[in-house]
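S.K.: Chains as they are written, first to last, in my numbering: chain A, -8 to 211; chain B, 3 to 244.
What follows is a single structure, and I will ask about it in a moment.
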C-alpha cells in the first residue's frame, strides 16, 4: 500500500497542532509586514533624501535576496552582535521584514493614487502632516489595495515552511520529524501539501469576496 | 537613472568587497562559496528554461485547449500556486522515490523550481495573450488564418513583449527560491554558506558575502531582461504600420 489511512489518521492531530504554529507565524509575520511596509512606503515617498535613498536601496536589496538566507542571517549573525533570538522570533522577524518590502510597493501604489486635491485640501484646512495621513490619506489609500495585500498574506503563509530550516516546529518540520521517525514520508508530506492547498484556496476565496465588496462600496 | 547608479554602486562595492576579502584571509571560504554560486546559477538557468516552457504550455492550454487539457492545466496551476515551494521540493524528493521514481537531487531541484515558477508564469502568459487587442484577432480571421497560425504569427509576438517585465520578476523569484535546494543536500550557495559557517565560524562575513552574491546575480538578471525588453520593443515598433 502506498497510502495508509490509519497512519494518516494517527498523525493528523500532530499536524493540526503544528499548523497552529504555522498560522501564528503567518499572522505575526504579516502584522510586522503590514506596519513596517507602510512605514517604508511613507519614508520612501515623503521622507527627506537622506532617508528615502538608503531606504530604496535597502528595499531593493531585501527583495532580490533569498528569504532563507535572511532567516539564517537574523538567526546566526545577529547573535554575533549580542542579539540572541529564539528560532521562532528570528523567523517571524525575517518573514515580516521580507514581506514588508513587498507590502511597501503595494502601499506606494495606493498612496500614489490619492489625488493631489486631497493633499491641497488638507493644507487648506491647516492639518498637520500626522493628521493629514491619519484622517485623510491613509483611509482612502488602504481599501483599494486590500486584495493586493491579501495576496501577499497568502504568499507569506506559503513561505512559513522555511522556518523549518532553523528548527521551528511548524508543519514542515513536524512532517519531517514524523518521516524520519517512522520512515514514512508519503503521508506526512502529502498531507502538509494538502493543508497548504486548502488554506490557500480558502484565503483566495475570501480575498475575492473582500475585493467584490470593496468594489461595490466604491461604486456607490 | 537612479537604478543605473545603484547598480554601478553595487558592482563597485562588490568588487571592492572581493578585493578586501581576498586580502583579509577569506581564502578559506571564498572558493567554496564560488563553487556554490556556480551551482546556484546552473539551477537558476535550468529552472528558468523549464518555467518558460511550462508556462507557455499551461497558459495556452488553459485558454485554448479542449476541456480535458484545460482542466489538467488549471489543476497544475492551482496545485503549484497553492502549495509551498519547499513542500513541493520535499514531495518530489522524499515521496516520489516511494512510488519508484528516484531522481538526482539536481534534477528534482530544477524540476520543482521550473514547475513552481511555471505555474505563476502560466498566468503571466494568459494575461499577456488576453491583453492583445481584439482587433488583432479579428484581422487574422479576415485574413483567413487558422487559430494556430494567428497565435504563432500575430498574437504571440505581441504578447511576448508585454510578458518580459513580469518574467524578469519571476526569474528573480526563481533565483531566490534556489536557496531552498540546499535543504535537499545540493551544495548550492546557501548550502555552502552553512557548511563554511560550521567549519570557519566567520558567520558575519560569510552570510554578508552570500547575500551580496545573490544580489549580484539578481542584478545581472534585471539588466539582461531590460536589454531584452529594449530589443523586443524596438522590433515591435519597427513592424507597426504608421
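Note that the Cβ used here is the ideal one computed from N, Cα and C, for glycine as well.
#1: What number of angstroms, rounded off, separates the C-alpha of residue 193 of chain B from the C-alpha of residue 120 of chain A?
#2: In angstroms, rounded to a whole number, what distance separates the CA positions of residue 94 of chain B and residue 112 of chain B?
#3: How do the stretch 104 to 120 of chain A and the stretch 61 to 74 of chain A stand: do at least 3 beta-carbon pairs fall below 8 Å, yes or no?
#4: Quick check: the Cα distance between residue 70 of chain B and residue 207 of chain A, rounded to an integer number of angstroms?
#5: Can you give me the start and stop residues for the alpha helix (DSSP H) that residue 163 of chain A sits inside?
#6: Excluding the 5 residues preceding and the 5 following residue 30 of chain B in the sequence, name in chain order all residues of the same chain whose CB lies nearer than 6 Å to its CB.
#7: For the alpha helix (DSSP H) containing residue 157 of chain B, name the first residue and the last one.
#8: Excluding the five sequence neighbours on either side, which residues of its own chain have a C-beta within less than 8 Å of the C-beta of residue 205 of chain A, listed in chain order?
#9: Could you give the distance in angstroms between the alpha-carbon of residue 123 of chain A and the alpha-carbon of residue 117 of chain A?
#10: Quick one: what's got a C-beta closer than 8 Å to residue 63 of chain B's C-beta in the same chain, skipping five residues either side?
#11: Listing by chain order, which chain A residues have their CB less than 8 Å from the CB of residue 48 of chain B?
#12: Following the continuous alpha helix (DSSP H) through residue 62 of chain A, name the residue where it begins and the one where it ends.
#13: Residue 20 of chain A lies in the alpha helix (DSSP H); which residues open and close that run?
#14: How long is the line joining the alpha carbons of residue 243 of chain B and residue 17 of chain B, rounded to whole angstroms?
#15: Counting only C-beta atoms, is residue 100 of chain B closer than 8 Å to chain A at any point?
#16: Which same chain residues, not among the five before or five after residue 87 of chain A, have their C-beta less than 6 Å away from its C-beta?
#17: Roughly how many whole angstroms lie between the Cα atoms of residue 149 of chain A and residue 19 of chain B?
#18: Within 8 Å of any Cβ in chain A, is that where the Cβ of residue 1 of chain B sits?
#19: Going along the chain, which residues of the stretch 52 to 78 of chain A sit with their C-beta nearer than 9 Å to a C-beta in chain B?
#20: Pick from A:163, A:191, A:94, A:195: whose alpha carbon is nearest that of residue 181 of chain A?
#21: From which residue to which residue does the alpha helix (DSSP H) around residue 136 of chain B run?
#22: Straight-line CA distance for residue 132 of chain A to residue 195 of chain A?
#23: In chain B, what lies closer than 8 Å to residue 163 of chain A by C-beta?
#24: Looking at C-alpha atoms only, which residue of A:199, A:177, A:154 is the closest neighbour of residue 98 of chain B?
#25: With distance defined between alpha-carbon atoms, name the residue in A:26, A:43, A:75 nearest to residue 34 of chain A.
#26: Taking Cβ positions only, does residue 226 of chain B come closer than 8 Å to chain A?
#27: Following the continuous alpha helix (DSSP H) through residue 90 of chain B, name the residue where it begins and the one where it ends.
#28: How long is the line joining the alpha carbons of residue 208 of chain B and residue 36 of chain B, rounded to whole angstroms?
#29: So residue 223 of chain B and residue 177 of chain B are in contact, right, with Cβ under 8 Å, and what is the actual spacing, rounded?
#30: So, with DSSP's three-state summary, where would you put residue 101 of chain B?
#31: Kindly give me the distance between the Cβ atoms of residue 131 of chain B and residue 157 of chain B, rounded to whole angstroms, as I take these residues to be in contact under 8 Å.
#32: Using DSSP with H/G/I as helix, E/B as strand and the rest coil, what is residue 79 of chain A?
#33: State yes or no: is the beta carbon of residue 198 of chain A nearer than 8 Å to at least one beta carbon in chain B?
#34: Closer than 9 Å, Cβ to any Cβ of chain A: which residues of the stretch 163 to 195 of chain B, in chain order?
#35: Using the Cα positions of residue 142 of chain A and residue 85 of chain A, report the straight-line distance between them to the nearest angstrom.
M.R.: Inspection of the coordinates gives the following:
#1: Here residue 193 of chain B refers to the residue found at position 191 of the second chain. Here residue 120 of chain A refers to the residue found at position 129 of the first chain. Spanning the two alpha carbons is a distance of roughly 48 Å.
#2: To locate residue 94 of chain B, count along the second chain from 1; it is residue 92. To locate residue 112 of chain B, count along the second chain from 1; it is residue 110. Rounded to whole angstroms, residue 94 of chain B and residue 112 of chain B show a C-alpha spacing of 11 Å.
#3: No: fewer than three Cβ pairs fall under 8 Å.
#4: In the second chain, residue 70 of chain B corresponds to position 68, counting from 1. In the first chain, residue 207 of chain A corresponds to position 216, counting from 1. If you take the alpha carbons of residue 70 of chain B and residue 207 of chain A, they lie about 35 Å apart.
#5: The residue you call residue 163 of chain A lines up with position 172 of the first chain. Membership of residue 163 of chain A in the alpha helix (DSSP H) is indicated by the continuous run 162 to 173.
#6: Counting from 1 along the second chain, the entry for residue 30 of chain B is found at position 28. For residue 30 of chain B, where only same-chain residues beyond five positions count, the Cβ hits under 6 Å are 202.
#7: Position 155 of the second chain holds residue 157 of chain B. Counting along the chain, residue 157 of chain B falls outside any alpha helix (DSSP H), and DSSP gives it neither H nor E.
#8: Here the question's residue 205 of chain A lines up with position 214 in the first chain. 134, 135, 137, 138.
#9: Against the first chain, residue 123 of chain A aligns to sequence position 132. Against the first chain, residue 117 of chain A aligns to sequence position 126. Looking at the two C-alpha atoms, the distance is approximately 9 Å.
#10: Reading the second chain from its first residue, position 61 is the one you call residue 63 of chain B. Closer than 8 Å at the Cβ level, and outside the excluded window around residue 63 of chain B, lie 71, 72, 74, 75.
#11: Start at 1 with the first residue of the second chain, and residue 48 of chain B comes out as number 46. The premise fails here: residue 48 of chain B is roughly 17 Å from chain A at the closest Cβ pair, so nothing lies under 8 Å.
#12: The residue labelled residue 62 of chain A in the question sits at position 71 within the first chain. 58 to 63 is the span of the alpha helix (DSSP H), which, as asked, contains residue 62 of chain A.
#13: In the first chain, residue 20 of chain A corresponds to position 29, counting from 1. Its alpha helix (DSSP H) spans residues -4 to 37.
#14: Counting from one through the second chain, the residue named residue 243 of chain B turns up at place 241. Counting from one through the second chain, the residue named residue 17 of chain B turns up at place 15. Because the pLDDT at residue 243 of chain B is just 47, under 50, the model does not fix this residue reliably, and the point stays unresolved.
#15: Within the second chain, the letter at position 98 stands for residue 100 of chain B. Taking Cβ atoms only, chain A reaches closer than 8 Å to residue 100 of chain B, which makes this a yes.
#16: The residue labelled residue 87 of chain A in the question sits at position 96 within the first chain. Only 20, 23, 24 meet the Cβ criterion.
#17: On the first chain, position 158 is the one that residue 149 of chain A refers to. On the second chain, position 17 is the one that residue 19 of chain B refers to. Spanning the two alpha carbons is a distance of roughly 34 Å.
#18: Because chain B here runs from 3 to 244, residue 1 of chain B falls outside it and cannot be looked at.
#19: Within the stretch 52 to 78 of chain A, the residues whose Cβ lies closer than 9 Å to some Cβ of chain B are 52, 54, 55, 56, 57, 58, 59, 60, 61, 63, 64, 67, 68, 70, 71, 72, listed in chain order.
#20: Stepping through the first chain from its first residue, residue 181 of chain A is reached at position 190. Nearest option by C-alpha distance: A:163.
#21: Along the second chain, read from residue 1 onward, the residue named residue 136 of chain B stands at position 134. 136 to 144 is the extent of the alpha helix (DSSP H) around residue 136 of chain B.
#22: The residue labelled residue 132 of chain A in the question sits at position 141 within the first chain. The residue labelled residue 195 of chain A in the question sits at position 204 within the first chain. So the alpha carbons of these two residues sit roughly 22 Å apart.
#23: Indexing the first chain from 1 puts residue 163 of chain A at position 172. By Cβ distance, chain B contributes 86, 88, 89, 92.
#24: Position 96 of the second chain holds residue 98 of chain B. Considering only alpha carbons, the answer is A:177.
#25: As a position in the first chain, residue 34 of chain A is number 43, starting the count at 1. Closest in C-alpha terms to residue 34 of chain A, from the list A:26, A:43, A:75, comes A:43.
#26: Position 224 of the second chain, counted from the start, is the residue given in the question as residue 226 of chain B. No - not a single Cβ of chain A is within 8 Å of the one on residue 226 of chain B.
#27: Here residue 90 of chain B is taken as the residue at index 88 of the second chain, counted from 1. Start and end: 87 to 92.
#28: Position 206 of the second chain, counted from the start, is the residue given in the question as residue 208 of chain B. Position 34 of the second chain, counted from the start, is the residue given in the question as residue 36 of chain B. Going from the Cα of residue 208 of chain B to the Cα of residue 36 of chain B covers about 12 Å.
#29: Stepping through the second chain from its first residue, residue 223 of chain B is reached at position 221. Stepping through the second chain from its first residue, residue 177 of chain B is reached at position 175. Residue 223 of chain B to residue 177 of chain B, Cβ: 7 Å. Contact.
#30: On the second chain, position 99 is the one that residue 101 of chain B refers to. In the structure shown, residue 101 of chain B falls within a helical segment according to DSSP collapsed to helix, strand and coil.
#31: Within the second chain, residue 131 of chain B is the residue found at index 129, counting from 1. Within the second chain, residue 157 of chain B is the residue found at index 155, counting from 1. Confirmed, Cβ separation roughly 6 Å.
#32: Here residue 79 of chain A refers to the residue found at position 88 of the first chain. Residue 79 of chain A falls in the helix class under three-state DSSP.
#33: Within the first chain, the letter at position 207 stands for residue 198 of chain A. False, the Cβ-Cβ gap to chain B never drops below 8 Å.
#34: Listed by position along the chain: 174, 177, 178, 179, 180, 181, 182, 184, 185, 191, 192, 195.
#35: If you number the first chain from 1, residue 142 of chain A lands on position 151. If you number the first chain from 1, residue 85 of chain A lands on position 94. Taking the Cα positions, residue 142 of chain A is about 18 Å away from residue 85 of chain A.
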